[in-house]
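Residues 517 to 885, numbered by our numbering, are exactly what the sequence shown covers, in order.
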Amino acid sequence: MPAVTRVGDNNTGHDDCPPIALASGSPDVFTNGISTGRVGDPYNPHGCPAHVPHVGNIASGAPHVFINGKACGRVGDPVTCGGSVAAGSPNVYVGNWGGPVGENEIQAEVVKTTLWNSAQDTTDNPDKTILSLPEIARNMANKSESVLDEIGWKYLAKMFDRWLSNHNGELDTKEPAFIIDYDWLISYEGIRYFHDDLEQSAFNEAAQNYFSTQIKKYFKDQTEFDCRESYESNAPIYCNSRTIEDGVRYNYFTAEGVYVCLAAFMLYALPKGKIQNLSSNQYRVTIEEVYLCAFDSFNFEGDQDYLFWSYKDKDFSKLSVFNDNYRYLKNEHFRAFKRTYNRGKDFYVKTNLHKVVNFTPVTFEIELN
517 MPAVTRVGDN NTGHDDCPPI ALASGSPDVF TNGISTGRVG DPYNPHGCPA
567 HVPHVGNIAS GAPHVFINGK ACGRVGDPVT CGGSVAAGSP NVYVGNWGGP
617 VGENEIQAEV VKTTLWNSAQ DTTDNPDKTI LSLPEIARNM ANKSESVLDE
667 IGWKYLAKMF DRWLSNHNGE LDTKEPAFII DYDWLISYEG IRYFHDDLEQ
717 SAFNEAAQNY FSTQIKKYFK DQTEFDCRES YESNAPIYCN SRTIEDGVRY
767 NYFTAEGVYV CLAAFMLYAL PKGKIQNLSS NQYRVTIEEV YLCAFDSFNF
817 EGDQDYLFWS YKDKDFSKLS VFNDNYRYLK NEHFRAFKRT YNRGKDFYVK
867 TNLHKVVNFT PVTFEIELN
């Protein structure tokens, strides 16, 4: 995915003309603290024995990311006088489709810049803090002493980028979910405990009884089922589950990275198998494979609190902070932010699927009336 170009970044040059730096860019959107290049922004004047002095401009850019109404310039995009953009950000990228992290990061920064002067900064309306949450999360990642926790904070930053970069909207199963890594998740001892428990009892007697009701509801007239399809549609059909929430095994101090990006979430066991008709209403069900995944939603319903955040110090604290730089964030603040600024699109969060290895097929019989 191509890097975003900025003022001072070179193009390739053309013919006998040498590489030239971009002269100007966005007046209010910055990448790595440097003005971001857009379609139409000029390079410094230049010439060569084959050409009189002239100015080249970024000719085309990202099809889905716009800055001040102009497409974002990237490495590889053409320059009007010849050649192409040659240099850009070391860590901000924009592809040719909607949704990737780099694009959300740019869009979230645009939203922050656009709303900043009108945004409030009070206990009841901590809007500037909400606009700064991606930056705060990235700074917490940089300060983290644990590689696992660093990853969790980076996930959170990307989630806030996505949330802020889209207009106000509710959960939609048709929208792509945000994906986190299952192996990272179960690297935490507390989460691994629940994973092992679910894996070992994925299709115990209680699971068989529960999944029988799911078969009657979703697979009554079928000979095969694969609940991975429900995973893809963000509405999992499962045979067993575990609720992961604040407790002795799992809390901020034992699994900071997971706690900050997921908080409470679900682990699901999704089966795949066959249904065989034995008589008019008697069926044999065979579970051939089971897959595990975590599932959550990034929204702000209910009355959950998110503790202390400071956009001035780019910091988060779980403990009480007697400092005017910090704001105590609650779900109601995010709901008010959505109403006021028409920003904040909720979305689902899930891991990749984890196949249970060495699973012994399970067979049982049920009646389907």
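Backbone N, C-alpha and C fix where the C-beta goes; we use that ideal spot for every residue, glycine too.
What residue does the beta strand (DSSP E) around residue i start on, and which one ends it?
{"i": "Met517", "result": "Per DSSP, Met517 belongs to no beta strand (DSSP E) and is neither H nor E."}
{"i": "Phe880", "result": "878–883"}
{"i": "Phe741", "result": "740–742"}
{"i": "Gly563", "result": "562–564"}
{"i": "Pro535", "result": "That residue, Pro535, is in no beta strand (DSSP E); it is neither H nor E in DSSP."}
Take residue i and list the residues in its own chain whose beta-carbon comes closer than 6 Å to its own, dropping the five residues that flank it on each side.
{"i": "Asn573", "result": "Gly556, Pro558, Thr596"}
{"i": "Ala624", "result": "Pro650, Asp677, Leu680, Ser681"}
{"i": "Glu895", "result": "The chain is shown only over 517 to 885; residue 895 falls outside these bounds and no answer can be derived."}
{"i": "Lys854", "result": "Asn684, Gly860"}
{"i": "Val878", "result": "Phe719, Ile803"}
{"i": "Gln730", "result": "Ile753"}
{"i": "Asp762", "result": "none"}
{"i": "Thr645", "result": "Trp825, Tyr827, Arg843"}
{"i": "Glu619", "result": "Val581, Val610"}
{"i": "Ile696", "result": "Tyr671, Thr867"}
{"i": "Asn655", "result": "Lys830"}
{"i": "Gly563", "result": "Pro569"}
Below 7 Å CB to CB, which residues in the same chain sit around residue i once its five sequence neighbours on both sides are set aside?
{"i": "Gly615", "result": "Bear in mind that a pLDDT of 45 at Gly615, under 50, signals an unreliable position, so the number given afterwards is only what the model happens to contain. The residues are Pro692."}
{"i": "Val617", "result": "Annotation note: pLDDT 46 at Val617 (below 50); position unreliable, no value reported."}
{"i": "Lys732", "result": "Leu884"}
{"i": "Asn793", "result": "Tyr799"}
{"i": "Arg590", "result": "Pro518, Ala519, Val520, Thr521, Gly577, Ala578, Val601, Gly604, Val610"}
{"i": "Lys871", "result": "Glu805, Tyr807"}
{"i": "Gly599", "result": "Asn527, Thr528, Gly529, His530"}
{"i": "Ser728", "result": "Ile882"}
{"i": "Ile667", "result": "Trp700, Gly773"}
{"i": "Asn767", "result": "Tyr775"}
What are the boundary residues of the alpha helix (DSSP H) that includes residue i?
{"i": "Arg855", "result": "847–857"}
{"i": "Tyr709", "result": "705–716"}
{"i": "Asp699", "result": "698–701"}
{"i": "Tyr609", "result": "Taken as a continuous stretch (DSSP letters only), Tyr609 belongs to no alpha helix (DSSP H), as it is neither H nor E."}
{"i": "Tyr734", "result": "721–734"}
Going by CA-CA distance only, name the one from the options that's closest to residue i.
{"i": "Phe816", "options": "Leu778, Gly592, Glu666, Ile583", "result": "Leu778"}
{"i": "Gly524", "options": "Asp532, Lys790, Gly549", "result": "Gly549"}
{"i": "Pro606", "options": "Asn750, Val865, Tyr766, Val520", "result": "Val520"}
{"i": "Ser796", "options": "His711, Lys834, Leu845, Ile882", "result": "Ile882"}
{"i": "Tyr704", "options": "Asp643, Val774, Val545", "result": "Val774"}
{"i": "Thr552", "options": "Lys659, Val873, Lys586, Asn847", "result": "Lys586"}
{"i": "Leu835", "options": "Leu823, Ile667, Leu845", "result": "Leu823"}
{"i": "Phe735", "options": "Thr547, Pro787, Ala780", "result": "Pro787"}
{"i": "Asp821", "options": "Ser757, Val663, Glu848, Cys809", "result": "Glu848"}
{"i": "Ala852", "options": "Gly818, Leu538, Asn641, Tyr784", "result": "Asn641"}
{"i": "Pro565", "options": "Leu538, Pro534, Asn584", "result": "Pro534"}
{"i": "Phe781", "options": "Ala653, Ala539, Thr528, Tyr698", "result": "Tyr698"}
{"i": "Thr547", "options": "Ile536, Gly818, Asp712, Ile583", "result": "Ile583"}
{"i": "Asp713", "options": "Tyr784, Ala575, Asp531, Ser813", "result": "Tyr784"}
{"i": "Lys737", "options": "Phe710, Lys790, Arg708, Leu701", "result": "Just to set this straight, residue 737 is Asp in the shown sequence, not Lys. Selected option, being the one with the closest Cα: Lys790."}
{"i": "Ile702", "options": "Ile760, Ser660, Asn658", "result": "Ile760"}
{"i": "Thr639", "options": "Leu845, Pro569, Gly563", "result": "Leu845"}
{"i": "Trp669", "options": "Ser662, Val663, Ala653", "result": "Ala653"}
{"i": "Asp812", "options": "Phe832, Asp862, Asp819, Val873", "result": "Asp862"}
{"i": "Asp637", "options": "Asn874, Phe875, Asp840, Thr876", "result": "Asp840"}
{"i": "Ser660", "options": "Phe832, Val837, Asn874", "result": "Phe832"}
Within its chain, find whatever has a CB closer than 8 Å to the CB of residue i; leave out the 5 residues flanking it on each side and keep chain order.
{"i": "Leu647", "result": "Val627, Lys628, Leu631, Trp632, Ala635, Leu680, Tyr827"}
{"i": "Thr689", "result": "Ser749, Asn750, Ala751, Tyr864"}
{"i": "Asn858", "result": "His683, Asn684"}
{"i": "Leu869", "result": "Tyr698, Arg744, Tyr747, Leu786, Tyr807, Leu808, Cys809"}
{"i": "Tyr726", "result": "Cys755, Asn756"}
{"i": "Phe710", "result": "Arg758, Ile760, Arg765, Tyr766, Leu783"}
What residues are listed by DSSP as bridge partners for residue i?
{"i": "Trp825", "result": "Phe832, Arg843"}
{"i": "Ser813", "result": "Tyr864"}
{"i": "Gly789", "result": "Phe741, Ile803"}
{"i": "Ile695", "result": "Lys866"}
{"i": "Gln798", "result": "Glu883"}
{"i": "Ile550", "result": "Thr547"}
{"i": "Cys588", "result": "Arg554"}
{"i": "Val595", "result": "Ile574"}
{"i": "Ser600", "result": "Pro594"}
{"i": "Ile753", "result": "In the DSSP output, where bridge partners are listed per residue, Ile753 has none listed."}
{"i": "Asn874", "result": "DSSP, once it has assigned bridges, lists no residue as partnering Asn874."}
{"i": "Phe582", "result": "Ala587"}
{"i": "Tyr784", "result": "Ser757, Cys809"}
{"i": "Tyr559", "result": "Leu538"}
Requested in this report: With a floor of 4 residues, list each alpha helix (DSSP H) that falls wholly inside the region 614–692, ordered by position along the chain.
Outcome: Runs found: 617–631, 643–647, 649–659, 663–681.
**Report entry** Length-filtered (3 minimum) beta strand (DSSP E) runs lying within the region 757–781
**Finding:** Counting whole runs of 3 or more residues, the region 757–781 contains no beta strand (DSSP E) stretch at all.
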